[in-house]
Ligand SMILES: Cc1cc2nc3c(=O)[nH]c(=O)nc-3n(C[C@H](O)[C@H](O)[C@H](O)COP(=O)(O)OP(=O)(O)OC[C@H]3O[C@@H](n4cnc5c(N)ncnc54)[C@H](O)[C@@H]3O)c2cc1C
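Numbering (the numbering used here), first residue to last: 166 to 577.
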């Protein structure tokens with residue numbers, strides 16, 4: 166019996182969420198909240214209601230007016246260029262801070278294209294001593310005893326979304342306070358996110374660890390208390406491990422321990438399969454191109470999306486439901502569950518056309534089908550040299566100037 170089958174995604178949202186639960190009984194976690202309905206329609210709504218003044222004023226605060234667009238960019242519902250064009254047209258120079266954040270995503274993606282699976286190993290020597298501990302159970306259970314960290318773990322597991330500042334604090338706590346191996350922590354963290362993206366995630370963890378930056382990222386209680394509006398600190402009863410001056414924390418966290426050399430980490434990849442002998446050409450819709458406005462989706466060819474366990478076995482149910490919302494907006498895409506290669510073979514496909522991706526898992530899966538990789542829409546036309554790609558500030562000097570002219574502010 167074939168171990169793949171076609172899905173019929175219900176158009177009714179409530180039914181759709183239930184259907185995905187039935188199709189993926191093993192997927193962990195709770196249902197996707199209403200706030201996170203997937204798809205381009207919702208993405209455009211968010212883009213069109215950004216309050217740019219509030220964003221500029223308070224985006225670093227936990228309750229700040231951030232866009233919560235990351236899951237939509239991650240799944241291709243909206244391109245960075247569309248967002249950048251829209252906010253620059255509407256807000257001019259006021260949009261610089263927001264576009265600077267979009268640029269981080271583009272920057273990490275370019276680094277991912279450049280380094281491939283190299284992003285899973287230390288990019289540079291660490292600037293401080295790092296640890297290689299396993300993730301403690303109290304992290305997995307969200308009972309660290311620290312209300313702030315427990316709150317961030319709850320955000321991660323229940324909502325699938327954590328504010329950028331909280332991601333940085335949490336990553337610093339894991340890597341510098343608990344001395345957990347950054348790669349292990351990054352893999353674990355990514356699995357719970359609605360916007361889980363190997364480029365932005367793993368490279369951000371490396372940045373916190375000081376593996377693609379000139380110093381480690383850490384914080385103190387004062388900064389956390391201020392940016393959270395005392396949300397956690399006001400009721401906290403523990404002896405705060407984050408309390409102290411910058412200098413005192415450097416001494417506490419890194420002391421005299423000498424940093425080691427950069428380490429290589431293991432990467433799991435799918436097994437290679439023989440080249441397909443069929444002739445039909447089809448569009449392969451992967452999880453970075455889920456937009457009804459995608460040019461490939463307008464081509465008069467068969468189109469396939471496959472929930473393949475090589476890619477999705479660790480995804481929580483809410484993320485699968487998010488993807489189902491996105492797929493529901495796409496016309497004429499056959500949605501399957503099973504082994505991509507078996508599905509495409511069974512449908513007589515000999516060649517696929519897909520949007521390019523730096524994700525080598527996807528590339529290897531499609532290798533038997535002579536893939537034609539169509540370039541993705543570029544955020545900017547700038548060619549970025551290898552040297553500029555080593556640090557975001559160098560990249561932004563060029564890209565920011567292209568987008569906003571010579572008096573662009575520096576971003577860190
Ligand atoms: C440890 C760690 C792990 C992360 N993992 C991911 C991840 O798996 N997927 C992911 O999309 N982002 C990741 N980020 C980046 C960032 O935290 C999220 O993109 C951001 O919090 C999304 O919220 P928002 O859409 O409200 O952001 P906004 O402030 O509204 O920003 C608009 C968009 O800019 C991009 N962006 C903003 N900040 C960053 C950043 N620092 N790096 C890259 N892109 C950025 C996002 O696409 C975001 O949607 C990670 C950051 C850290 C520190």
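Note that CB positions come from ideal geometry on N, CA and C, so glycine has one too.
- For residue 297, the distance from the CB to the nearest heavy atom of ligand 1 is not below 6 Å.
- Contact between residue 480 and residue 192 holds: their C-beta atoms lie close to 6 Å from each other, under 8 Å.
- The beta carbons of residue 517 and residue 449 sit closer together than 7 Å.
- Across the structure, residue 357 and residue 485 are spaced so that their CA atoms are roughly 11 Å apart.
- For residue 529, there is no enclosing beta strand (DSSP E); the enclosing alpha helix (DSSP H) covers residues 525-531.
- As the crow flies, the alpha-carbon of residue 175 is around 12 Å from that of residue 491.
- Taken from the Cβ of residue 199, every heavy atom of ligand 1 lies 6 Å or farther away.
- Only residues of its own chain outside the window of five on either side were considered, and among them 238, 267, 270, 271, 544 have a CB closer than 7 Å to the CB of residue 245, listed in chain order.
- Unbroken alpha helix (DSSP H) runs of no fewer than 4 residues, entirely contained in the stretch 371-408, are found at 386-392, following chain order.
- Ranking 447, 387, 372 by CA distance to the CA of residue 284 puts 372 first.
- Under the criterion of beta carbons closer than 8 Å, residue 275 and residue 549 qualify as touching, at roughly 6 Å.
- When the beta-carbon positions are compared, residue 351 and residue 334 stay at least 7 Å from each other.
- Its chain contains 291, 295, 340, 347, 381 as the residues whose beta carbon lies nearer than 7 Å to that of residue 374, once the 5 sequence neighbours on both sides are disregarded; these appear in chain order.
- The alpha-carbon separation between residue 413 and residue 287 amounts to approximately 27 Å.
- Residue pairing by DSSP puts residue 500 in a beta bridge opposite 172, 470.
- When only Cα atoms are considered, residue 501 and residue 477 end up about 13 Å apart.
- Between residue 220 and residue 503, the C-beta spacing is not below 7 Å.
- Taking one beta carbon from each stretch, the stretch 434-442 and the stretch 526-542 have 3 or more pairs nearer than 8 Å; the two touch.
- In this structure, the beta-carbon distance from residue 232 to residue 215 falls below 7 Å.
- Within 6 Å of the C-beta of residue 362 there is at least one heavy atom belonging to ligand 1.
- Scanning the stretch 237-295 for uninterrupted beta strand (DSSP E) segments of 3 residues or longer gives nothing; none is fully contained.
- Put simply, of 507, 494, 383, 420 the residue whose alpha carbon is nearest the alpha carbon of residue 440 is 507.
- Residue 514 and residue 361 have their C-alpha atoms roughly 30 Å apart.
- Judged by DSSP in its simplified three-state form, residue 446 adopts strand.
- Per DSSP, the continuous alpha helix (DSSP H) segment holding residue 183 begins and ends at 178-188.
- CA-to-CA, the gap between residue 410 and residue 422 works out to about 19 Å.
- One alpha carbon belongs to residue 304, the other to residue 520, and they sit about 37 Å apart.
- Look at residue 517 here: in three-state DSSP terms it is strand.
- Annotation for residue 246 indicates a beta carbon at 6 Å or more from all heavy atoms of ligand 1.
- Rounded to whole angstroms, residue 569 and residue 558 show a C-alpha spacing of 15 Å.
- Annotated three-state conformation of residue 345 is strand, per DSSP.
- Residue ranges of uninterrupted alpha helix (DSSP H) with 4 or more members, entirely inside the stretch 291-324 and ordered along the chain, are 302-305, 312-319.
- In this structure, the CA atom of residue 556 is about 19 Å from the CA atom of residue 546.
- Relative to ligand 1, even the nearest heavy atom lies 6 Å or more away from the CB of residue 396.
- Contact check for residue 279 against residue 554 passes: the beta carbons are separated by less than 7 Å.
- Spanning the alpha carbons of residue 464 and residue 189 requires a straight line of approximately 30 Å.
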